[in-house]
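Novice: Numbering (my numbering), first residue to last: 1414 to 1715. By construction, the Cβ of each residue, glycine as well, lies at the ideal position given by its N, Cα and C atoms. Before I ask anything, let me first share the structure, which is written out below as structure tokens.
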């Protein structure tokens, strides 16, 4: 039976596909978007996290991890979570021995059967609302065998299926997973390959190709664009995005205004956040941006 690293299962979601949904978040992503609101989703393996608010400064974690580097201010000196494998016995001892529960682990290995059973707990809500299960991440398609096995089980049970994906995977992998979907929410982060690489670490050619393939096959595809200040938020960007959408055969896009809700997660992982202090955008801030899509014949909404 296939396994994957799952870092969250969110129940009763209304924003990740039709109806009431259960969202399964898998760790691992080939992109490194500097605005990522789930930085704990990027690495495939479980990771240690440290919460300063809960730390009592006892240094028990340092005693449990001899030889590991320390981090933090003197009054809250703790093990550097970037330097210790969350799967190690030392990490397990540090987490278990932390009196304030300042140390936690993001992600754990789970089987298809385990995740399937948890999803099916909410089957009555799917039936009543037209909902189902959405695979998200990270990039869930970095676990193709797990996705195929889980989606097959869900479809056999009559459950509606969706995926939230970057589409930055090999076409044969993309096809094997999307063949088992009722819907696909695909991110389009920039219209230009060079800018896309600067913002995410990869170019956008594979993403555009896979998105076009899915649309041509008749899959229910929703393109979504996170609108990031200084990266892709000009009206010229909107016009060029619209051109790309027309080229792929897409007629609508959901705009996702930038928010800083994930900023504190970088602190948990001991990482810097490039957009620290940036103000959250709201739909009213982006009306001119949205109108540029509409003027180009694209149904753009928030």
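Suppose the cutoff is 7 Å on Cβ atoms and the five residues either side in sequence are ignored; what does the same chain contact list for residue 1454 look like?
Specialist: Numbered from its first residue, the chain shown carries residue 1454 at position 41. Excluding positions up to five away in sequence, the list reads 1420, 1438, 1440, 1442, 1550 and 1551.
Novice: Under DSSP, the alpha helix (DSSP H) around residue 1620 begins and ends at which residues?
Specialist: Within the chain shown, numbered from 1, the residue matching residue 1620 stands at position 207. Per DSSP, residue 1620 belongs to the alpha helix (DSSP H) from 1618 to 1629.
Novice: Out of 1520, 1461 and 1500, state which residue places its alpha-carbon closest to the alpha-carbon of residue 1492.
Specialist: Within the chain shown, residue 1492 is the residue found at index 79, counting from 1. Here the closest residue by C-alpha is 1461.
Novice: If you follow the alpha helix (DSSP H) that residue 1607 is part of, which residue opens it and which one closes it?
Specialist: Here the question's residue 1607 lines up with position 194 in the chain shown. First-last of the alpha helix (DSSP H) with residue 1607: 1606 to 1613.
Novice: Measure the Cβ-Cβ separation of residue 1576 and residue 1590 and say whether it is below 8 Å.
Specialist: Your numbering for residue 1576 matches position 163 in the chain shown. Your numbering for residue 1590 matches position 177 in the chain shown. It is a contact, given that the beta carbons lie within the stated cut-off.
Novice: Output the boundary residues of the beta strand (DSSP E) element that contains residue 1422.
Specialist: Counted from its first residue, the chain shown places residue 1422 at position 9. From DSSP, the beta strand (DSSP E) with residue 1422 extends over 1416 to 1426.
Novice: By a C-beta neighbour count over all protein chains shown, 10 Å radius and 16 as the cutoff for buried, is residue 1434 buried or exposed?
Specialist: The sequence position of residue 1434 within the chain shown is 21, counting from 1. With 16 or more other Cβ atoms within 10 Å, it is buried.
Novice: Apply the 10 Å Cβ neighbour rule to residue 1602 and answer buried if 16 or more other Cβ atoms are within range, or exposed otherwise.
Specialist: Mapped onto the chain shown, residue 1602 falls at position 189. So residue 1602 ends up on the buried side.
Novice: Would you mind listing the beta strand (DSSP E) stretches within the segment 1655 to 1694 that are 3+ residues and don't spill past its ends, in chain order?
Specialist: 1665 to 1670
Novice: How is residue 1529 classed by DSSP in three states: helix, strand or coil?
Specialist: Here the question's residue 1529 lines up with position 116 in the chain shown. If DSSP states are grouped into helix, strand and coil, residue 1529 belongs with the helices.
Novice: Once DSSP output is grouped into helix, strand and coil, what is the label at residue 1598?
Specialist: As a first step, residue 1598 is located in the chain shown; it is residue number 185 there, counting from the start. Annotated three-state conformation of residue 1598 is strand, per DSSP.
Novice: Quick one: grab the DSSP three-state call for residue 1650.
Specialist: As a working mapping, residue 1650 is identified with position 237 in the chain shown. In the structure shown, residue 1650 sits in a helix (DSSP, three-state: H, G or I).
Novice: Do three or more CB pairs link the segment 1693 to 1705 to the segment 1635 to 1651 at distances below 8 Å?
Specialist: Yes, the segment 1693 to 1705 touches the segment 1635 to 1651.
Novice: Between the C-alpha atoms of residue 1429 and residue 1643, what's the straight-line distance to the nearest angstrom?
Specialist: To locate residue 1429, count along the chain shown from 1; it is residue 16. To locate residue 1643, count along the chain shown from 1; it is residue 230. Cα-Cα distance, rounded: 26 Å.
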